[in-house]
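Heads up: the structure comes next, in structure tokens.
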Amino acid sequence: MNKSNLFIDGTAGDKGIMLGNEAIARGALEAGVGYASMYPGTPASEIIAALDKNKGNIKDLYTEFSLNEHISLHGAVGASWSGVRALCAMKNVGLNVASEPAQFLSYTGVKAGLVIAVGSDPGATSSSNEQDDRWYSMHTYMPIMEPSNIQEAKDFTRDAFDISEEFSFGIVLIASSRLCHNAGVLYFGDLRDRNISGNFTKDPENYLNLFNMAVKNHAKYLNRNELLKNYLAESRFNKIINENSSKIGFISSGVIYAHLMEAMDVLNIYDHRILKLGFTFPISNELLNNFFDGLDEVVIVEEAEGFLEFQIKKIAYELGFKGVIHGKDIFKQTGELTLDDVISGVGKFLKKPLPVFFDFAVKRDKELQEILPPRSGTFCIGCSHRAAFYSILKAAGFSNTEAKERDVVIAGDIGCYTLGLLPPYNAMDFLTCMNAGLGIGQAISIFDKKKKIIALVGDSTFYHSGIPVLLNAVQNGANILYIIFDNSWTAMTGHQKTPSTQRDVDGTPYPNPLNLKELIKSLGVTYIKSLDPNSVKRFASQVKSALKEQGVKVLIAKRECILQEIRRNKLLKKKDTATVKAPSSFYEIQKLRCVKCDECFVELACPAIILKKDEGESREYYYIDPVSCVKCGVCYEVCPNSAIRKVEFALKSNLSKKISGKEVNGLLGINA
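Residue numbering for the sequence shown follows our numbering, starting at 4 and increasing by one per position.
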């Protein structure tokens, strides 16, 4: 059998290299999943994306990129109650949005297995906070599994469906960003048959969760939780390593367990007892009692705020354990817990000197961090958000080059445009969570009438949870300008489509794309305009005009994500990949005319514009890199001195040929 795609065709005995997220998706396939949904969010996006892009070759699989996590989890519950195994994925903060259905799920129970895969983000690399979602289980009672490597990511996911059905719980599988985006060797298992012809059976005792029925269901899930704890007392998911006479024991889980084992190896320590927890909630009293036997001290090695430490200290008290339990007195509560952190913490606790090579490496790393220039995030070259921010700031009277401040409050939100909070734009005064910009901003407009308020949001974020916020602003007479960055995609997390996406990256039109402008009109907004943000002068003029008006004003900055536009153009011209066509236009900065006013280089901050100094010349000048430039033309429009010109010329069709980059520059009259 030809197995060109192991993700779909792999069977027991096969192996391949996959991301942690892909391993989770494969585990769901091996379990016979029939329903898979999510609102995309880094670091979890690839879980459902891997299934979605392959669903044409997978029999009986439904995938959905839902409008938000609340809807996504409700859909997974409906599939489960219909007898179809369901996977719902989200990032850490997504569980905040899904918390209501997550709360009732342990009351009602499940029918077919249901797994909620959560990508955690310690260090808040791509999130507005680094919350520890494990704490939710203290009141939802949903069991938690934490795989520690690529293989466990698949195997735990596969087995989670069986455990979910056996104990009628939705199972939470938590994977940190290091596991989600790490790649490793994966050994495959066989696929189960799946059937999505569901059969919903009425179950009023469980599904009608009101009044005294809710109280009865509360008691039932507490009982099921005890049954699960008994199962976990001798489960293969939790295991004690090095059962010897040592008086010191270590407890860990997930990727941090892998760090602990590597730290022990680096420190040449092999004689301490270790408890590896595959299930971090609930924790069996019997399991801990066996582990505590003969120990004087226990060290809990975990990331974030001590979720395991909290549970284990409580159980230790109930068991009468007299030893000392360490945790956050050794390891930090914030940021990622790296291998270096674990080595240092364990070494210090055990009074074990650090290896010379490690000590040198840590010191050298600190020295290099101090001298290396920081690398800041920025918009893609040609991104329409850059043009939009330029226009907004100009309309608000702000200028970096002239050291001007602004009196306009700009409320930020979550998406690609979040990068606007960084220099040189500094275009956000607060940023908390999705759709807080308008929600908080409208209240500020009530109590600080001296300031103008602009709230920003992306199209996907608006559909996520912004519609009721906008309706609330209209109904309560807020005075605010709401700018929607509509680039037609959920771009930050992998370019999933939104309700208003008109066509796929390959040019295939989507059925029934939503008209965003008409939707906003239906909410009662009377001041609404849609325009191209790359027309910066017109856009800035509209922002100025809107700020003078009272009430809720909406501007839609509508232009498709430049990455998708470029990808589509490449796909549609795929037949011409053997040739390179010389461009018919390009932009250049005329050195003699440019006065280095910094409008393009600092205010617009386009990365395709660079500062150059030719050999033998003392004068620095700005230069548009023809390889990087995507010809959006925004720099051409913002230049106040007409120093940037657009050069257009016609080419004969037979001019296309294989040419080098140097020859392209020669055609354009550019000195390399």
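Glycine included, every Cβ here is placed at the ideal spot set by N, Cα and C.
From the DSSP output, in three-state form, read off residue i for me.
i      : result
Ser109 : helix
Gln499 : strand
Gly19  : strand
Gly187 : strand
Gly13  : coil
Gly78  : helix
Tyr590 : strand
Ala390 : helix
Tyr273 : coil
Leu670 : Any answer about Leu670 is weak, because its pLDDT of 44 lies below 50 and its placement is not dependable; what the coordinates show is given next. Helix at Leu670.
Ile104 : Rather than Ile, the amino acid found at residue 104 in this sequence is Pro. Pro104 falls in the helix class under three-state DSSP.
Glu67  : strand
Arg648 : strand
Pro377 : coil
Phe334 : coil
Phe488 : strand
Thr143 : helix
Phe282 : strand
Ser179 : strand
Pro356 : coil
Met148 : strand
Val583 : The predicted model places Val583 with a pLDDT of 48, which falls under 50 and marks its position as unreliable; any figure quoted below should be read in that light. In this structure, Val583 counts as strand in the three-state DSSP scheme.
Lys452 : coil
Just to confirm, does residue i get its C-beta within under 8 Å of one of the non-hydrogen atoms of the ligand FAD?
i      : result
Ser503 : In the structure shown, the ligand FAD is absent, as is every other ligand, since no ligand is present at all.
Over what stretch of residues does the alpha helix (DSSP H) that includes residue i continue unbroken?
i      : result
Asn638 : In the sequence on display, residue 638 carries Cys and not Asn. Cys638 -> alpha helix (DSSP H) spans Val637 to Val641.
Lys551 : Val539 to Lys551
Ala163 : Ile153 to Phe170
Val269 : Gly257 to Val269
Arg570 : Ile565 to Leu575
Glu208 : Pro207 to Tyr210
Asp55  : Glu49 to Asn57
Residue i: which of the options sits nearest, CA to CA?
i      : options                           : result
Glu308 : Asn99, Glu568 and Thr337          : Thr337
Glu49  : Lys599, Gly497, Val605 and Pro514 : Gly497
Leu263 : Gly59, Glu305, Tyr234 and Ser463  : Glu305
Arg562 : Gln314, Arg389, Asn293 and Leu182 : Arg389
Phe10  : Tyr190, Ser83 and Ser151          : Tyr190
Ala266 : Val175, Gly323, Pro358 and Ile177 : Pro358
Lys452 : Gln553, Lys18 and Asp296          : Gln553
Ile565 : Asn537, Asn292 and Leu558         : Asn537
Thr421 : Asn438, Asn482 and Asn198         : Asn438
Gly126 : Phe363, Gly350, Leu519 and Glu339 : Glu339
Ala163 : Asn226, Gly30 and Val100          : Gly30
Ile333 : Leu298, Ser180 and Leu353         : Leu353
Leu425 : Gly461, Asp489 and Gly380         : Gly380
Using a 10 Å radius around the Cβ and a threshold of 16 neighbouring Cβ atoms, would you call residue i buried or exposed?
i      : result
Asn2   : No answer is possible for residue 2: it lies beyond the span of the chain, which begins at 4 and ends at 675.
Lys660 : Because the pLDDT of Lys660 is 47, which lies under 50, any placement of that residue in the model is unreliable, and the number read from its coordinates should be weighed accordingly. Answer is exposed; the Cβ neighbour count stays below 16.
His142 : exposed
Glu155 : buried
Ser631 : exposed
Glu623 : exposed
Val36  : buried
Phe465 : buried
Gln505 : exposed
Glu606 : buried
Arg137 : buried
Asn228 : buried
Ala186 : exposed
Thr529 : exposed
Thr580 : Below a pLDDT of 50, predicted positions are generally treated as unreliable, and Thr580, at 49, falls in that range; the measurement from the model is reported next regardless. By the neighbour-count rule (16 or more Cβ atoms within 10 Å), Thr580 is not buried but exposed.
Pro356 : exposed
Leu182 : buried
Mind checking which residues open and close the beta strand (DSSP E) that includes residue i?
i      : result
Ser123 : Leu117 to Ser123
His329 : Val327 to His329
Asn241 : Asn241 to Ile244
Tyr420 : Looking at the DSSP string, Tyr420 is not in any beta strand (DSSP E), and its letter there is neither H nor E.
Met93  : Ala89 to Lys94
Determine whether the Cβ of residue i lies closer than 9 Å to any Cβ atom of chain C.
i     : result
Ser40 : Note that chain C does not occur in the displayed structure, where there is just one protein chain.
>> Closer than 8 Å is the cut-off here; do at least three beta carbon pairs connect the stretch 259 to 273 with the stretch 340 to 351?
In response: When C-beta atoms of the stretch 259 to 273 are compared with those of the stretch 340 to 351, three or more pairs fall below 8 Å, so the two segments count as touching.
> Counting pairs of beta carbons, one from the stretch 220 to 236 and one from the stretch 155 to 172, are three or more of them closer than 8 Å?
Replying inline: Because the criterion of three Cβ pairs below 8 Å is met, the stretch 220 to 236 and the stretch 155 to 172 touch.
>> Three or more C-beta pairs under 8 Å: does that hold for the stretch 397 to 407 against the stretch 538 to 558?
In response: Taking 8 Å as the limit for Cβ pairs, the verdict is that the stretch 538 to 558 does touch the stretch 397 to 407.
>> Could you check whether the stretch 453 to 461 touches the stretch 520 to 527, counting it as contact only if at least three pairs of C-beta atoms, one from each stretch, sit closer than 8 Å?
In response: No, they do not touch.
> Counting Cβ pairs closer than 8 Å, one from the stretch 205 to 215 and one from the stretch 66 to 75, do we hit at least three?
Replying inline: By the criterion of at least three beta-carbon pairs nearer than 8 Å, the stretch 205 to 215 is not in contact with the stretch 66 to 75.
> Is the number of C-beta pairs between the stretch 106 to 120 and the stretch 53 to 67 that are closer than 8 Å three or more?
Replying inline: When C-beta atoms of the stretch 106 to 120 are compared with those of the stretch 53 to 67, fewer than three pairs fall below 8 Å, so the two segments do not count as touching.
> So, do the stretch 97 to 106 and the stretch 72 to 89 have three or more beta carbon pairs nearer to each other than 8 Å?
Replying inline: Counting Cβ pairs under 8 Å, three or more are found: they touch.
>> Count Cβ pairs between the stretch 426 to 446 and the stretch 402 to 418 that sit closer than 8 Å; are there 3 or more?
In response: With three or more CB-CB distances shorter than 8 Å, the stretch 426 to 446 counts as touching the stretch 402 to 418.
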